[in-house]
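Novice: Before anything else, here's the structure in question.
Residue numbers (the working numbering): 351 to 634.
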């Protein structure tokens, strides 16, 4: 998995998701396999999102993204415009695999709102590949009746983790952006898909109820209307000073979490198409 991505727009979970704080704890009824399951994105919407990515103008932008090796247009290259144009044409970008919804930890779930899903679909992602093997993820959001491409990021985390969640019983892949951790919700349990998630919930995962308590402990005081929100802070999440994880409700101790991620969900509205290069090596 890649390290913390440079998102098109990063907004604090406390401010960006706009959900009221509900101090109640999530009930221990997560044994129901449907509990916490996010609302699906329809096949029609996914088809429209993919159609937006297949627009010739977007494919041309992808070609330039690959020609620049993911370096944003605001940074200079050692090659000239003509050479970049030739490289963009030679990149011959194409889509690979399915367009997938990307689910992000839901603020209502963190707060303990009754019936809140563990995650909410923030955008869709389509994997694009170049002729020389580069990979990028193209993000789209729904605006009005259509879908708009808003970001191109190097790598294919979004589609890769959705595919990784499919074997072994399926489920919904989702991301805890504050830690850059990827999980799958399956049969009432939150299971890890990458190293960050394993450090968060252990190798065998935790019950949905235990995960809710864990994220409430991490972020419950950083939701809309909190002092953290009013102060406009965005420094991210740090483990407690003892280095010990929180006790899991279903036994054992959750490993200590380390994170340098900004406390933020990716919000991609009101921004032009952004091009971002993700740093770091794939792990997990």
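From the three backbone atoms N, C-alpha and C, an ideal C-beta is built for every residue, glycine too.
Between residue 577 and residue 524, what straight-line distance do the alpha-carbon atoms span, to the nearest angstrom?
Specialist: Here residue 577 refers to the residue found at position 227 of the chain shown. Here residue 524 refers to the residue found at position 174 of the chain shown. Each residue's Cα considered, the two are about 27 Å apart.
Novice: Near residue 399, which residues of its chain fall below 7 Å by C-beta distance, leaving aside the five closest residues on each side in sequence?
Specialist: In the chain shown, residue 399 corresponds to position 49, counting from 1. 449, 474, 490, 497.
Novice: Take residue 531 and list the residues in its own chain whose beta-carbon comes closer than 6 Å to its own, dropping the five residues that flank it on each side.
Specialist: On the chain shown, residue 531 is found 181 positions in, with the first residue counted as 1. Here the set comprises 546, 547, 550.
Novice: Between the Cα of residue 406 and those of 439, 418, 417, 419, spot the shortest distance and give me the residue it belongs to.
Specialist: Start at 1 with the first residue of the chain shown, and residue 406 comes out as number 56. Among 439, 418, 417, 419, the Cα nearest to that of residue 406 belongs to 439.
Novice: DSSP three-state label for residue 419, please.
Specialist: As a working mapping, residue 419 is identified with position 69 in the chain shown. In the structure shown, residue 419 sits in coil (DSSP, three-state: anything other than H, G, I, E or B).
Novice: Using only alpha-carbon positions, find the residue among 575, 404, 529 that is nearest to residue 487.
Specialist: For this step, residue 487 is matched to residue 137 along the chain shown. For residue 487, the nearest C-alpha among the options comes from 404.
Novice: Roughly how far, in whole angstroms, is the beta-carbon of residue 451 from the beta-carbon of residue 391, given that I think they are within contact range, below 8 Å?
Specialist: As a position in the chain shown, residue 451 is number 101, starting the count at 1. As a position in the chain shown, residue 391 is number 41, starting the count at 1. Between residue 391 and residue 451 the Cβ distance is about 4 Å, and since that is below 8 Å, they are a contact.
Novice: What is the DSSP secondary structure of residue 493, counted as helix, strand or coil?
Specialist: Sequence index remark: in the chain shown, residue 493 carries index 143 (1-based). Strand, per DSSP.
Novice: Can you tell me whether residue 426 is buried or exposed, with buried defined as 16 or more other CB within 10 angstroms of its CB?
Specialist: Taking the first residue of the chain shown as position 1, residue 426 is located at position 76. With fewer than 16 Cβ atoms within 10 Å of its Cβ, residue 426 is classed as exposed.
Novice: Per the DSSP calculation, residue 526 is bridged to which residue(s)?
Specialist: What you label residue 526 is simply residue 176 of the chain shown in a count that begins at 1. Note: residue 526 sits in a beta bridge opposite 531.
Novice: Which term fits residue 429, buried or exposed, when burial requires 16 or more other beta carbons within 10 angstroms of its beta carbon?
Specialist: Within the chain shown, the letter at position 79 stands for residue 429. With fewer than 16 Cβ atoms within 10 Å of its Cβ, residue 429 is classed as exposed.
Novice: Considering only the beta carbon of each residue, do residue 394 and residue 413 sit closer than 8 Å?
Specialist: Position 44 of the chain shown, counted from the start, is the residue given in the question as residue 394. Position 63 of the chain shown, counted from the start, is the residue given in the question as residue 413. In this structure, residue 413 does not lie closer than 8 Å to residue 394 by Cβ.
Novice: Please state whether DSSP places residue 436 in a helix, a strand or coil.
Specialist: For the purposes of this step, residue 436 is identified with residue 86 of the chain shown, where counting begins at 1. Residue 436 falls in the helix class under three-state DSSP.
Novice: Taking the beta strand (DSSP E) that residue 446 falls in, what are its first and last residues?
Specialist: Translated into the one-based positions of the chain shown, residue 446 becomes position 96. 444-455 is the span of the beta strand (DSSP E), which, as asked, contains residue 446.
Novice: Note down, in chain order, each residue of its chain lying with its Cβ closer than 7 Å to the Cβ of residue 481, except the 5 sequence neighbours on either side.
Specialist: Walking along the chain shown from the start, residue 481 turns up at place 131. Answer for residue 481: 440, 441, 442, listed in chain order.
Novice: Smallest Cα separation from residue 512: which of 504, 445, 477, 573?
Specialist: Start at 1 with the first residue of the chain shown, and residue 512 comes out as number 162. If we check each option's Cα against that of residue 512, 477 comes out closest.
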